[in-house]
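Engineer: Chains as they are written, first to last, in my numbering: chain V, 1 to 211; chain R, 212 to 388. Note that the Cβ used here is the ideal one computed from N, Cα and C, for glycine as well. Below you'll find the structure I mean.
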Amino acid sequence: MKARNKDHFNVLMQLFIIFFKLGPSTFGGGYAMIAAIEREIVNKKAWLEPDEIGDMVSVAGSAPGGVAVNSAAFVGYKLAGVAGAAVAVFAITLPTFLIVLILSILGMLFKDVPKVEAALKGVHAAVVALIIVAAVKIGKASIMDIPTLLIASGCVVLLLFTPLHSLYLILGGPVAGVSIIAVKRVLGLSAQTEKKVKDQQADLNYLEYYI
Amino acid sequence: MLGELFVLFLKVGLISFGGGYAVIALIQREITEKGWVTAGQFQELVALAGMAPGSIATNTATLIGYSQMGVIGGIVSTIGIILPSLLIVILFTAFFLRMKSNTWVRSSFYGLRPIITGLIIYAAIHFGIGSTNGSWVSWSAAGMILICVASLIAVLKYKIHPFAVILLSAVGGIVLF
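Next up, the structure:
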């Protein structure tokens with residue numbers, strides 16, 4: 001029992017070290033993380049099987065939150081249960097947290113310096129561009145027929161012109177999805193729920209940086 | 212206040228499907244309603260959040276927490292926004308993988324994904340219009356549009372890394388404004 005406890009502790013330590021190192025490399029974006037995790041966890045440590053990476057991508061992409069943090073939680077949980085997930089998430093978040101804190105302190109120190117304000121304005125414009133890029137990329141994967149196009153545009157219209165809270169939209173999406181697919185089945189139409197993997201792969205390189 | 216920060220970001224974390232961008236507008240709405248920061252301050256915080264690695268929503272949560280309650284506020288907000296991801300990933304890993312091919316699950320995501328797209332488009336509109344402070348015919352607005360379009364071309368056409376684009380646009384801002 002004691003030996004097992006020690007093993008468990010060792011795994012937790014190693015999880016911490018690996019994900020702490022991977023944290024800053026999320027500069028490559030959430031999906032660049034996946035390649036890095038594959039290298040560390042599958043190739044070097046042989047902790048996961050190569051095909052488990054596919055599971056990781058699908059869980060990390062469908063749960064709420066960032067792909068990087070979600071992947072860490074997945075690997076941690078697979079290796080060392082709930083404690084492993086908590087340690088991995090803590091480790092991957094810590095470096096970013098510290099960087100944000102430093103930026104924040106610097107930002108407050110220099111916030112009245114006109115040129116710092118100017119730089120932030122420039123970054124603001126670039127962030128708008130990155131949001132548009134994210135919308136284009138996720139749109140390519142999600143808008144595959146007329147119903148999905150209507151859902152997306154209806155969602156934008158509702159957000160722009162009504163005070164509707166986005167929570168209701170997020171709850172409504174799955175309801176609409178299930179209903180549409182059910183109706184399509186009844187009508188005997190083909191009911192595809194995902195784009196073919198091949199179409200999506202091309203977009204994965206930079207898909208949703210910061211996610 | 213700490214409790215409020217925690218609950219707010221817990222809620223945001225729970226619905227942050229599709230990652231960071233989809234919930235930016237939601238965070239702004241919630242915290243400006245509470246009167247914690249103004250729309251202008253919020254935009255600066257998001258720009259700052261964009262300069263660090265990691266999810267922009269999580270970084271924004273850290274910054275808002277820090278601006279309201281110092282380091283403790285930052286920690287509490289960060290934990291709040293990440294905790295739902297952690298729990299849901301554990302649940303998904305334990306159960307969802309077995310239901311991956313389930314029609315209900317697939318149809319739900321079929322409907323959810325376009326909603327996320329809509330939320331991100333809205334975030335772009337909202338955040339983009341806010342950046343001009345209402346006036347479109349000004350040096351400032353023209354500069355913002357210029358940097359935004361240049362960034363779009365850099366990322367989409369020339370595949371320049373987003374972080375390099377962020378740094379270049381900071382330089383652009385210093386030159387233009």
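Would you call the stretch 146-159 of chain V and the stretch 324-335 of chain R in contact, with 3 or more CB pairs under 8 Å?
Structural biologist: Cβ pair count under 8 Å is three or more, so yes.
Engineer: Only counting the same chain, and skipping five residues up and downstream in sequence, which positions put a Cβ closer than 6 Å to that of glycine 214 (chain R)?
Structural biologist: In the second sequence, counting from the first residue as 1, residue 214 (chain R) sits at position 3. Counting only Cβ-Cβ distances below 6 Å, and skipping sequence neighbours, we find nothing.
Engineer: Under 8 Å by Cβ, that's how I've got alanine 73 (chain V) and leucine 297 (chain R) pegged, so tell me the actual separation to the nearest angstrom.
Structural biologist: The residue labelled residue 73 (chain V) in the question sits at position 73 within the first sequence. The residue labelled residue 297 (chain R) in the question sits at position 86 within the second sequence. Between leucine 297 (chain R) and alanine 73 (chain V) the Cβ distance is about 5 Å, and since that is below 8 Å, they are a contact.
Engineer: Of all Cβ atoms in chain R, is any one closer than 9 Å to the Cβ of alanine 91 (chain V)?
Structural biologist: Translated into the one-based positions of the first sequence, residue 91 (chain V) becomes position 91. No, because no Cβ of chain R sits closer than 9 Å to the Cβ of alanine 91 (chain V).
Engineer: Would you report the Cα separation of phenylalanine 20 (chain V) and threonine 289 (chain R), rounded to the nearest angstrom?
Structural biologist: Taking the first sequence and counting its residues from 1, the one referred to as residue 20 (chain V) is at position 20. Taking the second sequence and counting its residues from 1, the one referred to as residue 289 (chain R) is at position 78. Roughly 16 Å between the two C-alpha positions.
Engineer: Tell me the rounded alpha-carbon separation between leucine 389 (chain R) and glycine 66 (chain V).
Structural biologist: Because chain R is modelled from 212 through 388, residue 389 (chain R) falls outside the range shown and cannot be assessed.
Engineer: Pull up the CB-CB distance for glycine 265 (chain R) and glycine 276 (chain R), whole angstroms please, since I reckon it's below 8 Å.
Structural biologist: The residue labelled residue 265 (chain R) in the question sits at position 54 within the second sequence. The residue labelled residue 276 (chain R) in the question sits at position 65 within the second sequence. With a Cβ gap of about 15 Å, glycine 265 (chain R) and glycine 276 (chain R) do not count as contacting.
Engineer: Under 9 Å between C-beta atoms, does isoleucine 131 (chain V) make it to chain R?
Structural biologist: On the first sequence, position 131 is the one that residue 131 (chain V) refers to. Judged by the 9 Å Cβ criterion, isoleucine 131 (chain V) is in contact with chain R.
Engineer: Using a Cβ cut-off of 9 Å (strictly closer), state whether methionine 108 (chain V) contacts chain R.
Structural biologist: Translated into the one-based positions of the first sequence, residue 108 (chain V) becomes position 108. It does; some Cβ of chain R falls within 9 Å.
Engineer: Short of 6 Å in beta carbon distance, which residues of its chain neighbour tyrosine 210 (chain V), apart from the five on each side in sequence? Order them along the chain.
Structural biologist: Here residue 210 (chain V) refers to the residue found at position 210 when the first sequence is read from its first residue. Its pLDDT being 43, under 50, tyrosine 210 (chain V) is placed unreliably by the model, and nothing is read from it.
Engineer: Between the alpha carbons of glycine 76 (chain V) and isoleucine 131 (chain V), how many angstroms are there, rounded?
Structural biologist: Your numbering for residue 76 (chain V) matches position 76 in the first sequence. Your numbering for residue 131 (chain V) matches position 131 in the first sequence. Each residue's Cα considered, the two are about 30 Å apart.
Engineer: Could you check whether the stretch 310-328 of chain R touches the stretch 240-255 of chain R, counting it as contact only if at least three pairs of C-beta atoms, one from each stretch, sit closer than 8 Å?
Structural biologist: Taking 8 Å as the limit for Cβ pairs, the verdict is that the stretch 240-255 of chain R does not touch the stretch 310-328 of chain R.
Engineer: In three-state terms, what does DSSP make of asparagine 313 (chain R)?
Structural biologist: The residue given as residue 313 (chain R) occupies position 102 in the second sequence. Three-state result, asparagine 313 (chain R): coil.
Engineer: What whole-angstrom Cβ distance do glycine 224 (chain R) and isoleucine 293 (chain R) have, given they're in contact under 8 Å?
Structural biologist: Here residue 224 (chain R) corresponds to residue number 13 of the second sequence, with the count starting at 1. Here residue 293 (chain R) corresponds to residue number 82 of the second sequence, with the count starting at 1. Contact flag correct, Cβ pair sits at about 6 Å.
Engineer: Is the distance from the Cβ of methionine 280 (chain R) to the Cβ of leucine 216 (chain R) below 9 Å?
Structural biologist: Within the second sequence, residue 280 (chain R) is the residue found at index 69, counting from 1. Within the second sequence, residue 216 (chain R) is the residue found at index 5, counting from 1. Yes, they are a contact pair.
Engineer: Is the Cβ of valine 42 (chain V) closer than 9 Å to any Cβ of chain R?
Structural biologist: Taking the first residue of the first sequence as 1, we reach residue 42 (chain V) at position 42. It does not: the Cβ of valine 42 (chain V) has no partner Cβ on chain R nearer than 9 Å.
Engineer: Name the chain R residues that come within less than 7 Å of serine 190 (chain V), Cβ to Cβ?
Structural biologist: Mapped onto the first sequence, residue 190 (chain V) falls at position 190. In chain order: nothing, as chain R lies at least about 13 Å away.
Engineer: Taking CB distances under 9 Å as the criterion, tell me whether methionine 355 (chain R) reaches chain V.
Structural biologist: Working through the second sequence from its first residue, we reach residue 355 (chain R) at position 144. It does; some Cβ of chain V falls within 9 Å.
Engineer: Identify whether tyrosine 232 (chain R) lies in helix, strand or coil by the three-state DSSP scheme.
Structural biologist: Counting from 1 along the second sequence, the entry for residue 232 (chain R) is found at position 21. Tyrosine 232 (chain R): helix per DSSP, three-state reduction.
Engineer: Taking proline 50 (chain V) as the query, report the chain R residues whose CB atoms sit under 8 Å from its CB, ordered along the chain.
Structural biologist: As a working note, residue 50 (chain V) is residue 50 in the first sequence. Correct list: empty, because the minimum Cβ distance to chain R is about 16 Å.
Engineer: Comparing alpha-carbon positions, which option in R:Ala258, R:Leu259, R:Leu274 lies nearest isoleucine 242 (chain R)?
Structural biologist: For this step, residue 242 (chain R) is matched to residue 31 along the second sequence. Per the Cα distances, R:Leu274.
Engineer: Going by C-alpha to C-alpha distance, which of V:Ala85, V:Ala126, V:Ala125, V:Ile151 sits closest to isoleucine 327 (chain R)?
Structural biologist: Counted from its first residue, the second sequence places residue 327 (chain R) at position 116. Taking only the C-alpha atoms, the option nearest isoleucine 327 (chain R) is V:Ile151.
Engineer: Taking Cβ-Cβ distances shorter than 7 Å, what residues in chain R pair up with phenylalanine 16 (chain V)?
Structural biologist: Working through the first sequence from its first residue, we reach residue 16 (chain V) at position 16. Chain R residues near phenylalanine 16 (chain V): none, gap ~15 Å exceeds 7 Å.
Engineer: Find out if the Cβ-Cβ distance for the pair glycine 173 (chain V), leucine 94 (chain V) is shorter than 9 Å.
Structural biologist: Here the question's residue 173 (chain V) lines up with position 173 in the first sequence. Here the question's residue 94 (chain V) lines up with position 94 in the first sequence. Not a contact, by the Cβ cut-off of 9 Å.
Engineer: Looking only at its chain, what residues have a beta carbon closer than 7 Å to the beta carbon of asparagine 10 (chain V), apart from the 5 residues adjacent to it on each side?
Structural biologist: Taking the first residue of the first sequence as position 1, residue 10 (chain V) is located at position 10. So no residue of the chain qualifies.
Engineer: If you reduce the DSSP assignment to three classes, tell me which class methionine 262 (chain R) lands in.
Structural biologist: Sequence index remark: in the second sequence, residue 262 (chain R) carries index 51 (1-based). Three-state DSSP puts methionine 262 (chain R) in coil, outside helix and strand.
Engineer: Pick out whichever of R:Thr269, R:Gln252, R:Gln254 has its Cα sitting closest to the Cα of phenylalanine 220 (chain R).
Structural biologist: On the second sequence, position 9 is the one that residue 220 (chain R) refers to. Of the candidates R:Thr269, R:Gln252, R:Gln254, the one whose C-alpha sits nearest the C-alpha of phenylalanine 220 (chain R) is R:Thr269.
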